[in-house]
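To start, the structure itself, in structure tokens.
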Amino acid sequence: MSFFGEKCARCGSKTRHEVDGKATCVACDNEMQLLVEAKGEELHLCPVDGASMSKEIAHMIVVDRCPTCQGVWLDGGELERLKGGVEASALMAMASGFTVPFG
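FYI, numbering that gives the first Met the number 0 numbers position 50 of the sequence shown as 49, with every residue one higher than the one before it.
This is how it looks when you write it as structure tokens:
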């Protein structure tokens, strides 16, 4: 690993963090840990079309998504956590001088 860091094998961001000998940023490492923990959860069936839903990460929350209709299943409290993460991102962007559309 160089002094300035390597590119994360997952997302390409600069990092000095390694997992199993590969450059992996802390955010990607945390996401991978969430997915590993979620593997033990039961799979949900989509209430719209009955397809088996897959697990995905959204703002560090594991959500279930239907691969056919793209519907999303949120467990209790996850919508509030997602809203908080999006609002925090918008506030940080505005503080940095970016404008964020609200609607």
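All residues carry an ideal CB built from backbone N, CA and C; glycine is no exception. Bear in mind the structure is a predicted one, so any value in this text is a computation, not a measurement.
Contact check for Leu33 against Val62 fails: the beta carbons are separated by 8 angstroms or more. Within the DSSP secondary-structure output, Leu44 pairs in a beta bridge with Ser51.
Take Glu77, set aside five residues on each side of it, and the residues of its chain with a beta-carbon closer than 7 angstroms to its own are Ile60 and Val62, in chain order.
Judged by DSSP in its simplified three-state form, Ala22 adopts strand.
Taking each of Gly49, Asp48, Pro46 and Asp74 in turn and checking the Cα distance to Glu55, the smallest one comes out for Asp74.
With fewer than 16 other beta carbons inside 10 angstroms of its own, Cys68 counts as exposed.
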